[in-house]
Structures are given as C-alpha cells and as structure tokens.
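Undergrad: Following this message is one structure expressed as structure tokens.
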Amino acid sequence: MAHHLRYSLVQGKFAICRLAAHAAIPACALHPRYFSSVVRTDNELSIVCAEEFVPLDLKADRGWRCFRLEGPISFSETGVLSSFIRPLSENAIPIFVISTFDTDYVLIKAEFVEKALAVLRTAGHEQIAKSI
Numbered sequence: 000m001a002h003h004l005r006y007s008l009v010q011g012k013f014a015i016c017r018l019a020a021h022a023a024i025p026a027c028a029l030h031p032r033y034f035s036s037v038v039r040t041d042n043e044l045s046i047v048c049a050e051e052f053v054p055l056d057l058k059a060d061r062g063w064r065c066f067r068l069e070g071p072i073s074f075s076e077t078g079v080l081s082s083f084i085r086p087l088s089e090n091a092i093p094i095f096v097i098s099t100f101d102t103d104y105v106l107i108k109a110e111f112v113e114k115a116l117a118v119l120r121t122a123g124h125e126q127i128a129k130s131i
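Numbering (numbering that gives the first Met the number 0), first residue to last: 0 to 131.
The structure is reproduced here in structure tokens:
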C-alpha cells in the first residue's frame, strides 16, 4: 500500500558529524532550540545538529536540510518510510535518515532540495510547512 505522507522542511542547514566513540558530546549537539541527534556505537559518536554551531575543526559533512515526516507514526505501520524515500532513491537524491519514537527525519543535501520537493510532490506527498 502506498502511503501519502505530510512533511515539513525544518529551518536551517545541518551537519552530520563523526567523533571517536569515547568522545564527550560537544556543545553543538546540545542546543535546546534546534533539531539534533546523538548516536553512540562502539565505533563512533555520530551527531546531527545545526551547521552554524559546529566547530570548523570537527569532522563533519555540512549542507544538509531536514524533512520531518508528520507523526506520530505507529510502530505497527509498515512501508511508511520506504514510500517517502523510494522516489528520492529512484531520482538519485542521496539521503540520511534518523528515526525517533514518534516519526522520521530525512536529511537531504541542500543542492538537491528543490528536486526532492518536486519528486515528493509527484509521488503524492504533501509539504505542510515551508520551514519550521
């Protein structure tokens, strides 16, 4: 079953940062007013946060925009995220995905945003806010 989703474009640009697994969480990841994600594994500490707060000496891939799917999305629903990212993949738009308890966030490089908006519209997904 195809899902037709509603989403918002989160304000600002984001960076995906990589630190050593044992590193302390830097202040750039802790800003209370901006979207951020912190994931620690035995191999690395990955952080997604507002690009403007990331120190220049931190290993980071910058220039990402963030699409927030309207949630909450039930854990029992299947195919929700794939229905959103499949048209992006079919149009060679690279993504980075973060899931939370309530919803999913899809990061897309800034240079692909206009193409992504058109592709998502054609696929039946609805942008509900230009920037939140």
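Heads up, the beta-carbon is just placed ideally off N, CA and C, and yes, glycines get one too. None of these values were measured; they are calculated from a predicted model.
1. Considering only residues of the same chain and omitting the five flanking positions on each side of V114, which have a CB-CB separation below 8 Å?
2. Considering only their Cβ atoms, is the gap separating V118 from L68 smaller than 8 Å?
3. In whole angstroms, what is the alpha-carbon distance linking H2 and Y33?
4. Could you tell me which residues DSSP pairs with A49 in its beta bridges?
5. Apart from the five residues on each side of it in sequence, which residues of its chain come closer than 8 Å, Cβ to Cβ, to V9?
6. Reducing DSSP to helix, strand and coil, say where E110 ends up.
7. Go to S35, then tell me how far its beta strand (DSSP E) extends in each direction, as first and last residue.
8. Going by Cα to Cα distance, which pick from Y6, L29, P31, N42 is closest to H21?
9. Should G11 and A59 be called a contact, given that it needs their Cβ atoms to be closer than 8 Å?
TA: Inspection of the coordinates gives the following:
1. This sequence places Lys at residue 114; Val is not what is there. Only N90, I92 meet the Cβ criterion.
2. Contact: no.
3. Looking at the two C-alpha atoms, the distance is approximately 28 Å.
4. Residue pairing by DSSP places A49 opposite F13 in a beta bridge.
5. Once the five neighbours on either side are set aside, the close Cβ partners of V9 are F34, R64, C65, F66, R67, Y104, S130, I131.
6. Of the three classes helix, strand and coil, the one that applies to E110 here is helix, per DSSP.
7. In the DSSP assignment, S35 falls outside any beta strand (DSSP E) and carries neither an H nor an E.
8. H21 has its Cα closest to that of N42, out of Y6, L29, P31, N42.
9. The answer is no: Cβ separation not under 8 Å.
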